[in-house]
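One structure is given here, and the rest of the page talks about it.
Protein chains: 2
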Amino acid sequence: MAKLTSRAEDYSKWYNELVVKADLAENSGVRGCMVIKPYGYAIWEKMRDELDRKFKETGHENAYFPLFVPKSLFEAEEKNAEGFAKECAVVTHYRLKTDPKNPKKLIVDPEAKLEEELIVRPTSEAIIWNTYKNWIQSYRDLPILINQWANVVRWEMRTRLFLRTAEFLWQEGHTAHATKQEAVEETEKMLNVYADFAENFMAMPVIKGIKTPNERFAGAEETYCIEAMMQDGKALQAGTSHFLGQNFAQAFDVKFANKEGKIEYAWATSWGVSTRLMGALIMAHSDDFGLVLPPTLAPIQVVIVPIFKGEEQLQQIDNVAFEIQSKLKNKGISAKYDNRTENKPGWKFAEYELKGVPVRIAIGARDLENKSVEVARRDTLTKEIVAIENLENHIENLLKTIQKEIYDRALKFREENITKADSYEEFKKNLEEKGGFVYAHWDGTPEEEEQIKEETKATIRCIPLDNKLEDGISMISGKPSKQRVIFARAY
Amino acid sequence: MAKLTSRAEDYSKWYNELVVKADLAENSGVRGCMVIKPYGYAIWEKMRDELDRKFKETGHENAYFPLFVPKSLFEAEEKNAEGFAKECAVVTHYRLKTDPKNPKKLIVDPEAKLEEELIVRPTSEAIIWNTYKNWIQSYRDLPILINQWANVVRWEMRTRLFLRTAEFLWQEGHTAHATKQEAVEETEKMLNVYADFAENFMAMPVIKGIKTPNERFAGAEETYCIEAMMQDGKALQAGTSHFLGQNFAQAFDVKFANKEGKIEYAWATSWGVSTRLMGALIMAHSDDFGLVLPPTLAPIQVVIVPIFKGEEQLQQIDNVAFEIQSKLKNKGISAKYDNRTENKPGWKFAEYELKGVPVRIAIGARDLENKSVEVARRDTLTKEIVAIENLENHIENLLKTIQKEIYDRALKFREENITKADSYEEFKKNLEEKGGFVYAHWDGTPEEEEQIKEETKATIRCIPLDNKLEDGISMISGKPSKQRVIFARAY
Numbered sequence: 001m002a003k004l005t006s007r008a009e010d011y012s013k014w015y016n017e018l019v020v021k022a023d024l025a026e027n028s029g030v031r032g033c034m035v036i037k038p039y040g041y042a043i044w045e046k047m048r049d050e051l052d053r054k055f056k057e058t059g060h061e062n063a064y065f066p067l068f069v070p071k072s073l074f075e076a077e078e079k080n081a082e083g084f085a086k087e088c089a090v091v092t093h094y095r096l097k098t099d100p101k102n103p104k105k106l107i108v109d110p111e112a113k114l115e116e117e118l119i120v121r122p123t124s125e126a127i128i129w130n131t132y133k134n135w136i137q138s139y140r141d142l143p144i145l146i147n148q149w150a151n152v153v154r155w156e157m158r159t160r161l162f163l164r165t166a167e168f169l170w171q172e173g174h175t176a177h178a179t180k181q182e183a184v185e186e187t188e189k190m191l192n193v194y195a196d197f198a199e200n201f202m203a204m205p206v207i208k209g210i211k212t213p214n215e216r217f218a219g220a221e222e223t224y225c226i227e228a229m230m231q232d233g234k235a236l237q238a239g240t241s242h243f244l245g246q247n248f249a250q251a252f253d254v255k256f257a258n259k260e261g262k263i264e265y266a267w268a269t270s271w272g273v274s275t276r277l278m279g280a281l282i283m284a285h286s287d288d289f290g291l292v293l294p295p296t297l298a299p300i301q302v303v304i305v306p307i308f309k310g311e312e313q314l315q316q317i318d319n320v321a322f323e324i325q326s327k328l329k330n331k332g333i334s335a336k337y338d339n340r341t342e343n344k345p346g347w348k349f350a351e352y353e354l355k356g357v358p359v360r361i362a363i364g365a366r367d368l369e370n371k372s373v374e375v376a377r378r379d380t381l382t383k384e385i386v387a388i389e390n391l392e393n394h395i396e397n398l399l400k401t402i403q404k405e406i407y408d409r410a411l412k413f414r415e416e417n418i419t420k421a422d423s424y425e426e427f428k429k430n431l432e433e434k435g436g437f438v439y440a441h442w443d444g445t446p447e448e449e450e451q452i453k454e455e456t457k458a459t460i461r462c463i464p465l466d467n468k469l470e471d472g473i474s475m476i477s478g479k480p481s482k483q484r485v486i487f488a489r490a491y
Numbered sequence: 001m002a003k004l005t006s007r008a009e010d011y012s013k014w015y016n017e018l019v020v021k022a023d024l025a026e027n028s029g030v031r032g033c034m035v036i037k038p039y040g041y042a043i044w045e046k047m048r049d050e051l052d053r054k055f056k057e058t059g060h061e062n063a064y065f066p067l068f069v070p071k072s073l074f075e076a077e078e079k080n081a082e083g084f085a086k087e088c089a090v091v092t093h094y095r096l097k098t099d100p101k102n103p104k105k106l107i108v109d110p111e112a113k114l115e116e117e118l119i120v121r122p123t124s125e126a127i128i129w130n131t132y133k134n135w136i137q138s139y140r141d142l143p144i145l146i147n148q149w150a151n152v153v154r155w156e157m158r159t160r161l162f163l164r165t166a167e168f169l170w171q172e173g174h175t176a177h178a179t180k181q182e183a184v185e186e187t188e189k190m191l192n193v194y195a196d197f198a199e200n201f202m203a204m205p206v207i208k209g210i211k212t213p214n215e216r217f218a219g220a221e222e223t224y225c226i227e228a229m230m231q232d233g234k235a236l237q238a239g240t241s242h243f244l245g246q247n248f249a250q251a252f253d254v255k256f257a258n259k260e261g262k263i264e265y266a267w268a269t270s271w272g273v274s275t276r277l278m279g280a281l282i283m284a285h286s287d288d289f290g291l292v293l294p295p296t297l298a299p300i301q302v303v304i305v306p307i308f309k310g311e312e313q314l315q316q317i318d319n320v321a322f323e324i325q326s327k328l329k330n331k332g333i334s335a336k337y338d339n340r341t342e343n344k345p346g347w348k349f350a351e352y353e354l355k356g357v358p359v360r361i362a363i364g365a366r367d368l369e370n371k372s373v374e375v376a377r378r379d380t381l382t383k384e385i386v387a388i389e390n391l392e393n394h395i396e397n398l399l400k401t402i403q404k405e406i407y408d409r410a411l412k413f414r415e416e417n418i419t420k421a422d423s424y425e426e427f428k429k430n431l432e433e434k435g436g437f438v439y440a441h442w443d444g445t446p447e448e449e450e451q452i453k454e455e456t457k458a459t460i461r462c463i464p465l466d467n468k469l470e471d472g473i474s475m476i477s478g479k480p481s482k483q484r485v486i487f488a489r490a491y
């Protein structure tokens, strides 16, 4: 197995190689679209199941809406339409026919042109609010709390596995409410669900904040986000929750009679996370040996590898290993015993390191004599000798420790890579020399934001929700500012 | 609540009304595409989860492949391409722009024409086998046992909710094997998984069989199927499993070195079930009062309805009801307590009947005195008085009984609606007067099959796997036949 390019050498190359070598995903025969391979999909399934549980726990139900959005619906909410028009796949025909010049080839049948073009959904506000129109007449029909798991298509020009692909998988929540306050509360509630998931399940610390108008979702009144720091110091937007005001209700004429009998437009939110989280997961924790997975997301949490000479030794180890495996399973820990004879232990060690299996147990003949095994941690690459008796309890605790320490390391890294800048010079120096997040003052205008972006490639990631107020002056215009915002280069 | 059209009056209308009124699905703003509503989706989720469990249990992993198939890949396997060319959605452009004549409208940007058109997948053999090409070099890479949960699009001209929609949700298994025998075994194994699911989970008896060449999946060597009888006597194909031979391996040049080092084409299977199963479920069991759900598929298995006058009575009933609910939950039974005061008990009874909740518990003041409740079965519409003590055990057993009896009733219905015909006259008479399945001899030619289809609208549903051999002569040509096949009109 060829070694990975190291992060220090070429972070971007390291990422691409890791995604492919760890069997997570690969590019497909369709421009910008990826194949999510079984191992990668198994991790995504774990994310999905936990998020789904959290959505249901907070009162949401799943539903499914059409893949296609007729152009007339797509363009109804102008800002939203404008935001996505430049990157959408358009279905114009509904039939192929045999090429008259070559009977083995097919051509688009010009007689099967659609009267109205269909847009492959880049997001589903339009088709969903066109549906909600028929569901909402009275305040009694509200709130509507619906989530959808689906594929969406955004025709991005430059794509990268998981981080930016033409088609991706995601969930999109779409809720309708009787009051503005309720919709804002929902927006914030779902942001907290995402933050909780990122921190406690992905072991990835995030900063909760609000986007500047420039960076808002097209059609939103306010976009909340969680931002994570990757190991190269760049930011990655890991989830967004939008307060959509009455924009979609107005565009699709969704009105209801309130308790007093007055007719009002409904209030909306939408919120989503996508397979982009896979990219975040990889870049937050992994190292030069491969993937590092928090135990909560590991398809295999423990791998047991026998170290043996000859059939007889293997058989003795088999007996012990199967018993350990079964005891771990009883504790709800997924354990694989890899006693294949085609591959040497060293090969297996490297393979499971690459795949990010959190704990490896190695058992040799000497271990059997000593009634102990070697336990290796993937995250720290450390090893220890542990007694076979009560091993399952030891492993159970170890997995919890690993989960916590992966988070702690990521948090420590982030804290070490946050700086403050009080002048534009200092800001540029920090960005160039240290990278990471830079807290700085901004005058609140899109112009200053644009200029900084053009000159430094750093964008305002968010205005943190828990920000301390602090008087200052903005870096370029010198106008007064009440608080610092977070700047960073971003994925 | 307006009553449903009865089945006797208009079976087709009954079905459409039921789907909409029970909140399962509705037509959308996109021609032929449906919205699956939360209650319908919750049932589909239960189907999906159980199938997914069965697939994993039989060694399959999930993965995800692109939504789009480039035309050149689509046309590679000729029969498959021919089979789907007439009903596929084609993406030709990747951008919209503002209409120069009307700045509020968008038009397709003619400058953003794709070099190669993309077909929205009607099925994924092409894109998947184009991927497998890179995954398969040696017999050690085989078998590949992958399943995908996805949406697909087939541009059907006449659509019906769940039964035939332009977009639908499904799973498609795609496996690759080193030998023909292994691929055939896989095809049969998955047919059995489907049959087991249909019978034991959906409580819907099915006949396992093989399709005639006319009815085969485009590109398959052999199509296995499960066929179910609906309450109007018509057949519904509930799942198919295809042995694809080496057709796709040849089309996409997927070769491997076998154990002897010889280069061979890989052997393929594919198998799928879709949201069509929702239609089957509805039509197999439901009645003029609404949906009838087997307990395994019911999002709510038990509903508790209080019958009360005044706040004080409701409070007393609340206490008992919450305790019953919690005891049921401890047994893994999903129970809803509906103590809303806006709706009368009668309204609630009708509502939960419409939604197919298998068991209803009604509690009144008199019941509290007697330490008993009224338990009603949705499937039989019968009621009984049951003591509150150990009620949870009673309900647990009752749910099992209901599951079994729903299946038994469907099986009895099917047996009563299977006839044999020995002449074409008798065949036509049976179809007209009795409907259902007709076992008859057939000469094995597509011509006779076509003629029967044209003249009677009945198709050969399958050649049953467990068929008894029996000498006979075919109905039209009079040629000798070794076995009867199943004819029926079908969805």
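The listed protein sequences correspond, in order, to chains A and B. Under this note's numbering, the first residue of the first sequence is numbered 1, with each subsequent residue one higher. Under this note's numbering, the first residue of the second sequence is numbered 1, with each subsequent residue one higher. Ideal Cβ positions, reconstructed from N, Cα and C, are used throughout, including at glycine.
With C-beta atoms as the reference, is residue i less than 8 Å away from residue j?
{"i": "A:A198", "j": "A:F437", "result": "no"}
{"i": "A:C33", "j": "A:E186", "result": "no"}
{"i": "A:F256", "j": "A:E264", "result": "yes"}
{"i": "B:N339", "j": "B:P299", "result": "no"}
{"i": "A:K355", "j": "A:L291", "result": "yes"}
{"i": "B:N258", "j": "B:E77", "result": "no"}
{"i": "A:V69", "j": "A:I136", "result": "no"}
{"i": "A:A203", "j": "A:Y15", "result": "no"}
{"i": "B:A458", "j": "B:A488", "result": "yes"}
{"i": "B:T401", "j": "B:W267", "result": "no"}
Does any residue of chain A have a CB that is nearer than 8 Å to the CB of residue i?
{"i": "B:K41", "result": "With the sequence shown as reference, residue 41 of chain B is identified as Tyr, and Lys is not the correct amino acid for it. Chain A contact via Cβ: present."}
{"i": "B:S28", "result": "yes"}
{"i": "B:V153", "result": "yes"}
{"i": "B:N130", "result": "yes"}
{"i": "B:P143", "result": "no"}
{"i": "B:N102", "result": "no"}
{"i": "B:F65", "result": "yes"}
{"i": "B:K329", "result": "no"}
{"i": "B:V20", "result": "no"}
How long is the line joining the alpha carbons of residue i and residue j, rounded to whole angstroms?
{"i": "B:H242", "j": "A:F201", "result": "40 Å"}
{"i": "B:S270", "j": "B:K189", "result": "12 Å"}
{"i": "A:V20", "j": "B:E227", "result": "42 Å"}
Determine the closest residue to residue i out of the options, with distance taken between C-alpha atoms.
{"i": "B:L398", "options": "B:P294, B:E116, B:K21, B:S423", "result": "B:P294"}
{"i": "B:M229", "options": "B:N147, B:H285, B:A76", "result": "B:H285"}
{"i": "A:D357", "options": "A:L381, A:D367, A:N370", "result": "Contrary to the premise, residue 357 of chain A reads as Val rather than Asp in this sequence. Taking only the C-alpha atoms, the option nearest A:V357 is A:L381."}
{"i": "B:E117", "options": "B:C88, B:K101, B:V386, B:K105", "result": "B:C88"}
{"i": "B:R378", "options": "B:N214, B:F289, B:E311", "result": "B:F289"}
{"i": "A:L67", "options": "B:P38, B:V30, B:P122", "result": "B:V30"}
{"i": "B:E156", "options": "A:Y491, A:R95, A:A22", "result": "A:R95"}
Indicate whether at least one CB of chain B lies closer than 8 Å to the CB of residue i.
{"i": "A:E117", "result": "yes"}
{"i": "A:I36", "result": "yes"}
{"i": "A:E57", "result": "no"}
{"i": "A:V120", "result": "yes"}
Answer with buried or exposed for residue i, where buried requires no fewer than 16 other C-beta atoms within 10 angstroms of its C-beta.
{"i": "B:R154", "result": "buried"}
{"i": "B:T341", "result": "exposed"}
{"i": "B:I385", "result": "exposed"}
*Quick one: which residues of the segment 78-98 of chain A get their C-beta closer than 9 Å to a C-beta of chain E? List them in chain order.*
Among the protein chains in the structure shown, which are A and B, there is no chain E.
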